[in-house]
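> Encoded as C-alpha cells, here's the structure I'll be asking about.
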Amino acid sequence: MNDKLIAVVTAGLTTPSSSRLLADQLSAAAADELSGRGITSRVETIEVRDYAHDLTNNLLTGFPSAELREVLETVTAADALIVVSPTFSASYSGLFKMFFDVLDDKALAGKPVLLAATGGTERHSLVLDFALRPLFAYLKALPVPTGVYAASTDWGPNAASLRPRITQAAGELVAALQHETPTQADPFANPTPFEDLLNG
Amino acid sequence: MQFGVFTVGDVTENPTTGTTVSEGERIKSMVAIALKAEEVGLDVFAQGEHHNPPFVPSSPTTQLGFIAAQTSKIILSTSTTLITTNDPVKIAEDYAMLQHLADGRVDLMMGRGNTGPVYPWFGQDIRNGIALAVENYALLRRLWREDVVDWEGKFRTPLQGFTSTPRPLDDVPPFVWHGSIRSPEIAEQAAYYGDGFFHNNIFWPISHTKQMIELYRRRFEHYGHGAADQAIVGLGGQIFMRKNSQDAVREFRPYFDNAPVYGHGPSLEDFSRETPLTVGSPQQVIERTLSFREHFGDYQRQLFLMDHAGLPLKTVLEQLDILGEEVVPVLRKEFAALKPAHVPDAPTHASLKAAAERARELETIE
Chain H
67 MNDKLIAVVT AGLTTPSSSR LLADQLSAAA ADELSGRGIT SRVETIEVRD
117 YAHDLTNNLL TGFPSAELRE VLETVTAADA LIVVSPTFSA SYSGLFKMFF
167 DVLDDKALAG KPVLLAATGG TERHSLVLDF ALRPLFAYLK ALPVPTGVYA
217 ASTDWGPNAA SLRPRITQAA GELVAALQHE TPTQADPFAN PTPFEDLLNG
Chain Y
5 MQFGVFTVGD VTENPTTGTT VSEGERIKSM VAIALKAEEV GLDVFAQGEH
55 HNPPFVPSSP TTQLGFIAAQ TSKIILSTST TLITTNDPVK IAEDYAMLQH
105 LADGRVDLMM GRGNTGPVYP WFGQDIRNGI ALAVENYALL RRLWREDVVD
155 WEGKFRTPLQ GFTSTPRPLD DVPPFVWHGS IRSPEIAEQA AYYGDGFFHN
205 NIFWPISHTK QMIELYRRRF EHYGHGAADQ AIVGLGGQIF MRKNSQDAVR
255 EFRPYFDNAP VYGHGPSLED FSRETPLTVG SPQQVIERTL SFREHFGDYQ
305 RQLFLMDHAG LPLKTVLEQL DILGEEVVPV LRKEFAALKP AHVPDAPTHA
355 SLKAAAERAR ELETIE
C-alpha cells in the first residue's frame, strides 16, 4: 500500500470535454513517470461538474454533502494534485473556483500541484500564471514551474508540441512529490489546552 | 432530560402569503411561544440575542423577565448570550437580577455570535472572538463567585474592589452552557470548567457534531469533572409535524425552500438526510430524536427550533401542542428508560443549591 495517490480536479462542462482530455493525458504521464521510477500510483479523477449542485449547497449551508465530503477528503489526502480549468472570461471558471472555495484553506498546504487550463485560442495561455498560480500560491500549495495550457489547435495540428509540455510538467510533479509533504495537525485530536488559551 | 424550544427571533417574510409581521408582533409572538411552552409541559425556553435586523431580541433579560412574571415552572435560557461583545460585568448583573426575579429558573448559553460587523459596533474585532470568549467568561465566573473582584485583562477596563450586584440567588451562579458549532476551543472551555456544552446541530451533519461532542466529553473527563459519559450535553433539533407525514412535507416545503439559512439550496429531502431536520409525523420525530442518543451518547437537554422561516404564530403554537402532547411524553419515557443511573441530569438552581449546601456541611464536619 505505498501507492501514491494522484488526485485530478477537472472542471470541463461537456462530455467529453477538452479539459478532461488534458487531465487524462496529464495523469497518465504522471503515472508513467512514477512507474519509470519504480513507484506505483493510483489516480482519482474528479469531474467538478458532477458536484455543481453540492458545491452551491455547501456555500449556502456551510457544510458539504456526504458525496462532496468524500471528494474533498480525496483531494486533501492526495500526494499530488492535477487541476484543469477551462478559461472563462479571462480566468478559471466559476465552477472551478467554487471547488477550491469550499475546500479547507489548509488542505493543499505543501502539496505539489500541476496547473493546467484549456481554451479556444492560445491567446489565453497566461491564465495559468495570472489566475491559477496566484490562487494556489494563496492556498500554500506547491505549483510546479511548468503549467500546461491546451488550445483547440493543440488537439489537431499542434498536438506534437503539446506532448513535450505534458511530459515536462508531469516530470516536475513527480520530482516534487518525492519530497515529504507536511501533515496537518488535527484540532479535535489535539486541542489547545485551556490553560494556554487562558494565558492568551 | 430537559426538553424545550429555542428561538433566534428573526423577522422573516411568510413566503406563502408575502406578509411580514412587525417587530412588535414578533416580540409578542416570542412571549406567546414561551407561555405555550410552559403550558404544554416543556422544561426550557431559550432565546437568542442579536443586534441587527432582521432580528428583534437585542435585550434578552427584558424579555425573559417579562416571561418570568407570567410563568412559574419553565427554565429561561439564552441561545445565545454574546460573551464576546457584551461587557461581562453587565452579563453578571443582568442575569443575577433575572435569577432573583425568576426564583432561580435561569441558565445561560454562551456564544460568540456569527456576524463580523457586530464586533466593531461594540468596539471589538471578530478575529479576537475566541480570546474574548475566554477572557470575558473567566471574569464573569469570578464576578458571580467572589464578592469583591480585582481584575485586569486585555479587553476591558480594569476593576478594583468591584462587587457585582445583586449577588447570585442563594449564592449559586446560574448554570452555564457553551454553544459552539465548529470551534474546538469552546468545547475545551466548557470541559475545563465542567460547564455544559450545547451543539446547535440543526444545520450540521452528524459526523461533525459527533467530533465536537466527543472532544468535549473526553476533555471533561481529562479535567476531572467525572467520566466522559457524565458530561452535560445539549443538542438542537428542527421539526415540523402533521398527523400524516405527507401533509407535513407539503405544508413546510415553501417555508423550507425560502428560509434565510438554507433556502434556495439543497432540497428538503437532502437536507433532512444530512441534518436533524425532521418533517413528518410525530412518530417520525420521536424516532429521529431518539437516534441522536446513539450518535452522541446520553444527553441532558434537547431544544427544538420551532418558529423560523416566516412560519405564522398560529402554526407554531399548533406545533407546540403536538410537541407537548404527543412527542415529549414519549421521549421522556424512552430516554429515561435508556439512561444509566450514573449519568446525571442537567444541573438546575435547586440541584446546584443542594450541592453547595452539601459541600458546606462537609467543610463544617472537617
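Protein chains in written order, with this note's numbering: chain H, 67 to 266; chain Y, 5 to 370.
Note that beta-carbon positions come from the ideal geometry of N, C-alpha and C, so glycine has one too.
Computed from a predicted structure; not experimentally measured.
1) Taking 8 Å as the limit between beta carbons, can you name the residues of its chain near Q67(Y), skipping five residues before and five after?
2) From the DSSP secondary-structure annotation, give me the bridge partner or partners of Q51(Y).
3) I'd like to know whether the C-beta of Y259(Y) is nearer than 8 Å to at least one C-beta of chain H.
4) Sorted by chain position, which residues of the same chain lie with C-beta nearer than 7 Å to L219(Y)'s C-beta, five sequence neighbours on each side aside?
5) Determine the direct distance from the alpha carbon of A255(H) to that of Q304(Y), and round the result to whole angstroms.
6) Counting only the same chain and skipping the five closest in sequence on each side, list residues whose C-beta sits under 8 Å from that of L147(H).
7) Whole angstroms is fine: what's the gap from A97(H)'s alpha carbon to G269(Y)'s?
8) Comparing C-alpha positions only, which one of P162(Y), V176(Y) and P121(Y) sits nearest to R145(Y)?
9) How big is the Cα-Cα spacing for D129(Y) and T88(Y)?
10) Go through its chain and collect everything with a Cβ distance to A350(Y)'s Cβ below 7 Å, but skip five positions before and after it.
11) Please classify K337(Y) as buried or exposed, where buried requires at least 16 neighbouring CB atoms within 10 angstroms.
12) With burial defined as no fewer than 16 other Cβ atoms inside 10 Å of the residue's Cβ, what is the status of E361(Y): buried or exposed?
13) I believe I112(H) touches V137(H) by the beta-carbon criterion, under 8 Å. Please report the beta-carbon distance rounded to the nearest angstrom.
14) Against G160(H), what residues of chain Y qualify as contacts under a CB-to-CB distance less than 8 Å, listed in chain order?
15) Along chain H, in chain order, which residues have C-beta atoms closer than 9 Å to that of E192(Y)?
16) Is DSSP giving I185(Y) helix, strand or coil here?
17) Can you tell me the Cβ-Cβ gap for G238(Y) and L307(Y), rounded? I've got them flagged as a contact below 8 Å.
18) For a cutoff of 8 Å on Cβ pairs, would you count A173(H) as touching chain Y?
19) Run through chain Y and tell me which residues come within less than 9 Å of A132(H), C-beta to C-beta.
20) Going by Cα to Cα distance, which pick from K163(H), R199(H) and F129(H) is closest to Y215(H)?
21) Could you check where the beta strand (DSSP E) with P152(H) kicks off and where it finishes?
22) If you draw a straight line from the alpha carbon of R189(H) to that of A156(H), how long is it in whole angstroms?
23) Which whole-angstrom value describes the C-beta separation of V44(Y) and L327(Y), a residue pair presumed to lie in contact below a C-beta threshold of 8 Å?
24) Does the beta-carbon of W148(Y) have 16 or more other beta-carbons within 10 angstroms, so that it is buried, or is it exposed?
25) Count Cβ pairs between the stretch 123-138 of chain H and the stretch 7-26 of chain Y that sit closer than 8 Å; are there 3 or more?
26) How about L121(H) and M164(H): do their beta carbons lie closer than 8 Å?
27) Answer with buried or exposed for V152(Y), where buried requires no fewer than 16 other C-beta atoms within 10 angstroms of its C-beta.
28) Cα separation between P160(Y) and D91(Y)?
29) Whole angstroms is fine: what's the gap from A313(Y)'s alpha carbon to V9(Y)'s?
Taking the definition as stated:
1) Locating residue 67(Y) in the second sequence gives position 63, where the first residue counts as 1. I31, M34, V35, Q51 and P61.
2) The sequence position of residue 51(Y) within the second sequence is 47, counting from 1. Looking at the DSSP assignment, Q51(Y) forms a beta bridge with T11(Y) and T82(Y).
3) The residue you call residue 259(Y) lines up with position 255 of the second sequence. Cβ-Cβ to chain H under 8 Å: no for Y259(Y).
4) Within the second sequence, residue 219(Y) is the residue found at index 215, counting from 1. Around L219(Y): P188 and A191.
5) Position 300 of the second sequence, counted from the first residue, corresponds to residue 304(Y). Position 189 of the first sequence, counted from the first residue, corresponds to residue 255(H). Roughly 24 Å separates the two Cα atoms.
6) Residue mapping note: residue 147(H) aligns to position 81 of the first sequence, counting from 1. Cβ neighbours of L147(H) beyond the five flanking positions: I72, A73, V74, V75, V141, L174, K177, P178, V179, L180 and A207.
7) The residue given as residue 97(H) occupies position 31 in the first sequence. The residue given as residue 269(Y) occupies position 265 in the second sequence. Spanning the two alpha carbons is a distance of roughly 38 Å.
8) Along the second sequence, read from residue 1 onward, the residue named residue 145(Y) stands at position 141. Among P162(Y), V176(Y) and P121(Y), the Cα nearest to that of R145(Y) belongs to V176(Y).
9) Indexing the second sequence from 1 puts residue 129(Y) at position 125. Indexing the second sequence from 1 puts residue 88(Y) at position 84. So the alpha carbons of these two residues sit roughly 9 Å apart.
10) Here residue 350(Y) refers to the residue found at position 346 of the second sequence. Contacts found: Q6, G200, I236, Q304 and R305.
11) By 1-based counting over the second sequence, the position of residue 337(Y) is 333. So K337(Y) counts as exposed.
12) Sequence index remark: in the second sequence, residue 361(Y) carries index 357 (1-based). It counts as exposed.
13) Here residue 112(H) corresponds to residue number 46 of the first sequence, with the count starting at 1. Here residue 137(H) corresponds to residue number 71 of the first sequence, with the count starting at 1. I112(H) to V137(H), Cβ: 5 Å. Contact.
14) Sequence index remark: in the first sequence, residue 160(H) carries index 94 (1-based). Chain Y residues near G160(H): none, gap ~17 Å exceeds 8 Å.
15) Locating residue 192(Y) in the second sequence gives position 188, where the first residue counts as 1. Within chain H, the residues near E192(Y) are P257, T258, P259, F260 and L263.
16) Residue 185(Y) sits at position 181 when you count from the first residue of the second sequence. Of the three classes helix, strand and coil, the one that applies to I185(Y) here is coil, per DSSP.
17) Here residue 238(Y) corresponds to residue number 234 of the second sequence, with the count starting at 1. Here residue 307(Y) corresponds to residue number 303 of the second sequence, with the count starting at 1. Indeed, because the Cβ distance is near 7 Å, the residues count as touching under 8 Å.
18) Walking along the first sequence from the start, residue 173(H) turns up at place 107. Taking Cβ atoms only, chain Y never reaches closer than 8 Å to A173(H), which makes this a no.
19) The residue labelled residue 132(H) in the question sits at position 66 within the first sequence. Here the neighbours are P209, S211, R277 and E278.
20) Position 149 of the first sequence, counted from the first residue, corresponds to residue 215(H). Minimum Cα distance to Y215(H) is reached at R199(H).
21) Residue mapping note: residue 152(H) aligns to position 86 of the first sequence, counting from 1. Unbroken beta strand (DSSP E) run through P152(H): A146 to F154.
22) As a first step, residue 189(H) must be located in the first sequence, where it is residue number 123. As a first step, residue 156(H) must be located in the first sequence, where it is residue number 90. In a straight line, the C-alpha of R189(H) is about 10 Å away from that of A156(H).
23) Position 40 of the second sequence holds residue 44(Y). Position 323 of the second sequence holds residue 327(Y). Contact flag correct, Cβ pair sits at about 7 Å.
24) Residue mapping note: residue 148(Y) aligns to position 144 of the second sequence, counting from 1. W148(Y) is buried by the Cβ-count criterion.
25) no
26) Reading the first sequence from its first residue, position 55 is the one you call residue 121(H). Reading the first sequence from its first residue, position 98 is the one you call residue 164(H). Going by C-beta atoms, L121(H) is nearer than 8 Å to M164(H).
27) Within the second sequence, the letter at position 148 stands for residue 152(Y). Exposed, by the Cβ-count rule.
28) Working through the second sequence from its first residue, we reach residue 160(Y) at position 156. Working through the second sequence from its first residue, we reach residue 91(Y) at position 87. Note that residue 160(Y) is Arg in the sequence shown, not Pro. Near 8 Å, if we compare the C-alpha coordinates of D91(Y) and R160(Y).
29) Numbered from 1 along the second sequence, position 309 holds the residue referred to as residue 313(Y). Numbered from 1 along the second sequence, position 5 holds the residue referred to as residue 9(Y). A313(Y) and V9(Y): Cα-Cα distance of roughly 15 Å.
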